[in-house]
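Q: I have a structure I would like to understand better, so I am pasting it below and will then ask my questions one at a time.
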Amino acid sequence: MASRVIKVDALARVEGEGSLHIRLRDGKVQSLQFGIFEPPRFFEAFLKGRDHSEAPDITARICGICPIAYQMGASQAMEDALGVVVPRPIRQLRRLLYCGEWIESHALHVYMLHAPDFLGMADALELARKDRATVEKALRLKKLGNDILETIGGRAIHPVNLRIGGFHSTPPKARVKALAADLRWAIEQSLATIKLVGGFDFPDIERDYTFVALRHPDEYAIHEGRLISNRGMDIPVSSFLDHFDEEHVAHSNALHGFALPDHAAYSVGPLARYNLNHDQLAPLAKQAAAEAGLGPKVGNPFKSIVVRSVEILQVCIDALAIVEDYDEPDRPFVAYQPRAGIGHGCTEAPRGICYHRYELAEDGSIVTARIVPPTAQNQKTIEEDLHEVVTRNLALDDEALKWRCEQAIRNYDPCISCATHFLKLTVDRD
Amino acid sequence: MAVRRKPRLAVFKFSSCDGCQLSLLDCELELLAVADAVEIAYFLEATRREVKGPYDLTLVEGSITTPHDAQRIREVRRISKTLVTIGACATAGGIQALRNFVDVEDFIRAVYARPEFISTLATSTAIAAHVPVDFELRGCPINKVQLLELVNATLNGRKPIVPRHSQCIECKQKGTVCVMVAEGKACLGPVTQAGCGNLCPTCDRGCYGCFGPMETPQTAALARQLTELGLDGRDIKRLFQTYNADAEAFRKESELHG
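This is the structure we're talking about:
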């Protein structure tokens, strides 16, 4: 039987620049490379010698889609190194800010980046020509995420208000309370979203993943907790590097993450969080997930679009509770003195856990920085998924197979800007 | 009568965080109207549909950091009638231009175990260092109101209305109390172009310069004032060496301190 080559030179509807090259022979995958050619930007290198207080704003620039993940992870790592404990009102305001990023990022991905694959459309604008009302509501949902970011952070992309110890300033009560009406609408719209995407056709595939996510005793974890897996791991964030590492492969400018000790692939993000923390979803979110056909365990990566929609509902519920409870904190931040130390931070970016570690000198300057973004961790799992998707879909012609592979990659909402710190697909069929 | 073709819009990305092109998708209330007015012909972050050039308006995000990208930007220029850079990376090299101040080989070794796999230039440079640029939109990230003004102006054959004065003017217009005078906080507002919407001083912090140098920045006078506030040379250098570190006025001032 002849060989085939499937190539995507520049993957669309992902953040950053990636490619895919698959070579098939006699109906078997000979080689498969999910490459990231986003040029390297060397954040860890130029953070050396900067002041610790600059890290949240500088690391935000790794990614315009999930800047909060970087600002929050860097702030927490610095607070860990400096022995700063952030009081509950500030902590809650940070969670609300993060809910804003989840709503914005998930709504963007569900409606504008991923749904077109299930509808056989090139983009959401094609959808808007057929069903403008749906796209208008999707954009309103996305805008609410940005409104939260602007209310608390000052700006939607690269917010300016977060700092080590808390915030530069805290928003007036009236501005925060004004978000409540839109959040109530968003809860209804999230339910409609779950119903819509729950009705899509999902390619038939179930995989037994190693899932890794944060878990918090009292809430669906976003910005703090312990790291757990479905293989029995339960560790503090500070032990991350004892359990995970990255390697450098020739076809990619991103480091590939793996779990120690056996270099195994693992999965982070919505599917991991849902499988590990399903019991902590709000009753309404659990019920909506069940009505959309999701059990407490989901092993079909294409259903991540439904899980993401359930997560939008979850964070809208969480955000509304924080808004209703909000009073202006006495002080916007906790003051501290710089000192030498090592600190770790890890939060759930919309795409999965994002880990930071910094070592500080006596004067608060950064000695070393290490950042492990979610897409780098998912890269090995994405390649394994692609292997299975290609093997199951050999009957498709090259164009259809290529599109299916792109869809499989978009299951992970990969943020390639983050991972390098994008995608070309090439399929060789000899 | 022939039907008039819609103007073609393209968005290209080089080395960047994707935030500035996201600003276009962040125009939630105006996005569908923009899509009605132009044909979105190439915009990888939003669509897998690709219409070949030439394009009427090309937005370029990101800086040039690889030999391949230095070639690619020439091709993008060739097929673009109007080419506009969006954001600090495309306009000044971005935060990744911090490599321009050091030996890039040290940076590669610091991040990658197998430096031989990495193809990169020693510098991160603005688009205008490689090809003629018709307009530069500032910001890290850009302001979406300015982006809409830019698209509107270009479609109507006029120059966009984008102020070149300092952040200080924005504070005065908005009635924001000066954080440097009243609280002694370090602020780049006096030398930074307005346009962000007066963000940082409103949040009770000093401007950190994400819109880059204003038209005639008095950086030396500001550096003297910062010294009086108690900043040492290293602090001043750090302040000028961030998202617009390689913009000429900021680069020159930063190199006088340390």
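As you go down the protein sequences, you meet chains L and D in turn.
Going by numbering that gives the first Met the number 0, the first residue of the first sequence is number 0, and it counts up by one from there.
Going by numbering that gives the first Met the number 0, the first residue of the second sequence is number 0, and it counts up by one from there.
Idealized CB from N, CA, C, for every residue including glycine.
Give me the subset of the region 148-164 of chain L whose CB atoms are less than 7 angstroms from a CB atom of chain D, sorted by chain position.
A: Answer in chain order: Gly153, Arg154, Ala155, Ile156, His157, Val159, Asn160.
Q: To the nearest angstrom, how far is the alpha carbon of Gly92 of chain D from that of Glu227 of chain D?
A: For the purposes of this step, residue 92 of chain D is identified with residue 93 of the second sequence, where counting begins at 1. For the purposes of this step, residue 227 of chain D is identified with residue 228 of the second sequence, where counting begins at 1. Distance between the alpha carbons of Gly92 of chain D and Glu227 of chain D: 30 angstroms.
Q: With a threshold of 8 angstroms on Cβ separation, who are the neighbours of Asn377 of chain L within its own chain once the five nearest residues in sequence on each side are excluded?
A: Here residue 377 of chain L refers to the residue found at position 378 when the first sequence is read from its first residue. Gly256, Ser266, Val267, Gly268, Arg350, Gly351, Tyr411, Pro413, listed in sequence order.
Q: Which of the three DSSP states, helix, strand or coil, is assigned to Asp203 of chain D?
A: Numbered from its first residue, the second sequence carries residue 203 of chain D at position 204. Coil at Asp203 of chain D, not helix or strand.
Q: Using a Cβ-Cβ cutoff of less than 8 angstroms, which residues in the same chain neighbour Arg403 of chain L once the five nearest sequence positions on both sides are dropped?
A: In the first sequence, residue 403 of chain L corresponds to position 404, counting from 1. Counting only Cβ-Cβ distances below 8 angstroms, and skipping sequence neighbours, we find Pro202, Val388, Asn392, Leu395.
Q: Would you call the CB atoms of His277 of chain L and Leu259 of chain L closer than 8 angstroms?
A: Against the first sequence, residue 277 of chain L aligns to sequence position 278. Against the first sequence, residue 259 of chain L aligns to sequence position 260. No, the pair does not count as a contact, with Cβ atoms beyond the cut-off.
Q: Report, in whole angstroms, the separation of the C-beta atoms of Gly197 of chain L and Gly292 of chain L, which I expect to be a contact under 8 angstroms.
A: By 1-based counting over the first sequence, the position of residue 197 of chain L is 198. By 1-based counting over the first sequence, the position of residue 292 of chain L is 293. Their Cβ separation, rounded to whole angstroms, is 6 angstroms, which keeps Gly197 of chain L and Gly292 of chain L in contact under 8 angstroms.
Q: Assuming Val109 of chain L contacts Thr192 of chain L (C-beta within less than 8 angstroms), just tell me the rounded distance between them.
A: Residue numbering aside, residue 109 of chain L sits at position 110 when the first sequence is read from its first letter. Residue numbering aside, residue 192 of chain L sits at position 193 when the first sequence is read from its first letter. Yes, they are in contact, since the Cβ atoms of Val109 of chain L and Thr192 of chain L sit about 7 angstroms apart, within 8 angstroms.
Q: List the residues of chain L that Lys12 of chain D touches, going by C-beta distances under 7 angstroms, in chain order.
A: Your numbering for residue 12 of chain D matches position 13 in the second sequence. The contacting residues are Glu16.
Q: With DSSP run on the structure shown, which of helix, strand or coil describes Phe239 of chain D?
A: For this step, residue 239 of chain D is matched to residue 240 along the second sequence. Here Phe239 of chain D sits in helix by DSSP.
Q: Please classify Ser52 of chain L: does DSSP put it in a helix, a strand, or coil?
A: Here residue 52 of chain L refers to the residue found at position 53 when the first sequence is read from its first residue. In this structure, Ser52 of chain L counts as helix in the three-state DSSP scheme.
Q: Taking the DSSP output, what are the residues bridged to Lys251 of chain D?
A: Numbered from its first residue, the second sequence carries residue 251 of chain D at position 252. Looking at the DSSP assignment, Lys251 of chain D forms no beta bridge with any residue, so it has no partner.
Q: Since Gly61 of chain D and Ser14 of chain D should fall inside the 8 angstroms C-beta cutoff, what is the C-beta to C-beta distance between them, to a whole number of angstroms?
A: The count along the second sequence starts at 1 and reaches residue 61 of chain D at position 62. The count along the second sequence starts at 1 and reaches residue 14 of chain D at position 15. Yes, they are in contact, since the Cβ atoms of Gly61 of chain D and Ser14 of chain D sit about 5 angstroms apart, within 8 angstroms.
Q: Measuring CB to CB, does Leu30 of chain D end up less than 8 angstroms from Leu138 of chain L?
A: By 1-based counting over the second sequence, the position of residue 30 of chain D is 31. By 1-based counting over the first sequence, the position of residue 138 of chain L is 139. The answer is yes: Cβ separation under 8 angstroms.
Q: Taking the C-alpha atoms as reference points, what is the distance between Met0 of chain D and Arg24 of chain L?
A: As a working note, residue 0 of chain D is residue 1 in the second sequence. As a working note, residue 24 of chain L is residue 25 in the first sequence. Bear in mind that a pLDDT of 49 at Met0 of chain D, under 50, signals an unreliable position, so the model cannot answer this.
Q: Return the Cβ separation of Leu143 of chain L and Asp181 of chain L in integer angstroms, given the expectation that the two are a contact with Cβ distance under 8 angstroms.
A: Within the first sequence, the letter at position 144 stands for residue 143 of chain L. Within the first sequence, the letter at position 182 stands for residue 181 of chain L. Rounded, the Cβ-Cβ distance is 5 angstroms, consistent with contact.
Q: Could you tell me whether any Cβ in chain D is nearer than 8 angstroms to the Cβ of Val22 of chain L?
A: Locating residue 22 of chain L in the first sequence gives position 23, where the first residue counts as 1. Correcting the residue identity first, residue 22 of chain L is Arg in this sequence and not Val. So no, Arg22 of chain L is outside the interface.
Q: At what residues does the alpha helix (DSSP H) containing His105 of chain L begin and finish?
A: If you number the first sequence from 1, residue 105 of chain L lands on position 106. It spans 87-106 - the alpha helix (DSSP H) in which His105 of chain L sits, taken as one unbroken run.
Q: Fully enclosed by the region 275-305 of chain L, which beta strand (DSSP E) runs are 3 residues long or longer?
A: None, since the region 275-305 of chain L contains no complete beta strand (DSSP E) of that length.
Q: Buried or exposed: which applies to Gln166 of chain D, given that a residue is buried once 16 or more other Cβ atoms fall within 10 Å of its Cβ?
A: The residue labelled residue 166 of chain D in the question sits at position 167 within the second sequence. Its Cβ being crowded by 16 or more others within 10 Å, Gln166 of chain D is buried.
Q: Looking only at its chain, what residues have a beta carbon closer than 7 angstroms to the beta carbon of Lys143 of chain D, apart from the 5 residues adjacent to it on each side?
A: Mapped onto the second sequence, residue 143 of chain D falls at position 144. Ser22, Asp25, Cys26, listed in sequence order.
Q: In the DSSP assignment, what residue or residues form a beta bridge with Asp233 of chain L?
A: On the first sequence, residue 233 of chain L is found 234 positions in, with the first residue counted as 1. Its beta-bridge partners are L:Ile227.
Q: Closest by CA to Gly208 of chain D, which one among D:Gly229, D:Leu221, D:Thr241, D:Arg223?
A: Your numbering for residue 208 of chain D matches position 209 in the second sequence. Gly208 of chain D has its Cα closest to that of D:Thr241, out of D:Gly229, D:Leu221, D:Thr241, D:Arg223.
Q: Does the region 69-76 of chain L come close enough to the region 137-153 of chain D that 3 or more CB-CB pairs lie under 8 angstroms?
A: With the cut-off at 8 angstroms, the region 137-153 of chain D and the region 69-76 of chain L do not touch.
Q: Taking Met71 of chain L as the query, report the chain D residues whose CB atoms sit under 7 angstroms from its CB, ordered along the chain.
A: Stepping through the first sequence from its first residue, residue 71 of chain L is reached at position 72. Ordered by position in chain D, no residue passes the 7 angstroms Cβ test against Met71 of chain L, which lies about 16 angstroms from the chain.
Q: Going by C-alpha distance, which of D:Thr46, D:Gln95, D:Gly196, D:Thr175 is nearest Ala125 of chain D?
A: Taking the second sequence and counting its residues from 1, the one referred to as residue 125 of chain D is at position 126. Minimum Cα distance to Ala125 of chain D is reached at D:Gln95.
Q: With 7 angstroms as the C-beta to C-beta threshold (strictly closer), list the residues of the region 80-104 of chain D near chain L in chain order.
A: Listed by position, the residues of the region 80-104 of chain D near chain L (Cβ gap below 7 angstroms) are Ile94, Gln95, Leu97, Arg98.
Q: When the distance is taken between beta carbons, is Ala263 of chain L closer than 8 angstroms to Ala212 of chain L?
A: For this step, residue 212 of chain L is matched to residue 213 along the first sequence. For this step, residue 263 of chain L is matched to residue 264 along the first sequence. Contact: no.
Q: Could you name the residues of the region 170-202 of chain D whose beta carbon sits closer than 9 angstroms to any beta carbon of chain L, in the order they occur along the chain?
A: So the list reads Cys195, Gly196, Leu198, Cys199, Thr201, Cys202, given in the order they occur along the chain.
Q: What's the gap between the Cα of Ala469 of chain L and the Cα of Lys194 of chain L?
A: Because chain L spans 0 through 429 in this model, residue 469 of chain L falls outside it and cannot be assessed.
Q: Once you ignore the five residues that flank Thr58 of chain L on each side, which residues in its own chain have a CB closer than 6 angstroms to its CB?
A: For the purposes of this step, residue 58 of chain L is taken as the residue at position 59 of the first sequence. Excluding sequence neighbours, Thr58 of chain L sits near Tyr69, Ala73.
Q: Taking only beta-carbon positions, decide if Leu24 of chain D is within less than 8 angstroms of chain L.
A: Against the second sequence, residue 24 of chain D aligns to sequence position 25. Chain L contact via Cβ: present.
Q: Taking the Cβ atom as the reference point for each residue, do Arg94 of chain L and His222 of chain L lie within a distance shorter than 8 angstroms?
A: Along the first sequence, read from residue 1 onward, the residue named residue 94 of chain L stands at position 95. Along the first sequence, read from residue 1 onward, the residue named residue 222 of chain L stands at position 223. Contact flag set, yes.
Q: For a minimum of 4 consecutive residues, which ranges assigned as the alpha helix (DSSP H) are wholly contained in the region 133-158 of chain D?
A: Runs of the alpha helix (DSSP H) inside the region 133-158 of chain D: 143-154.
Q: Please name the residue in D:Val190, D:Arg163, D:Thr215, D:Cys19 whose C-alpha comes closest to that of Ala222 of chain D.
A: By one-based count along the second sequence, residue 222 of chain D stands at place 223. Among D:Val190, D:Arg163, D:Thr215, D:Cys19, the Cα nearest to that of Ala222 of chain D is on D:Val190.
Q: With a Cβ-Cβ cutoff of 8 angstroms, do Asn160 of chain L and Cys88 of chain D count as a contact?
A: Translated into positions along the first sequence, residue 160 of chain L becomes position 161. Translated into positions along the second sequence, residue 88 of chain D becomes position 89. Going by C-beta atoms, Asn160 of chain L is not nearer than 8 angstroms to Cys88 of chain D.
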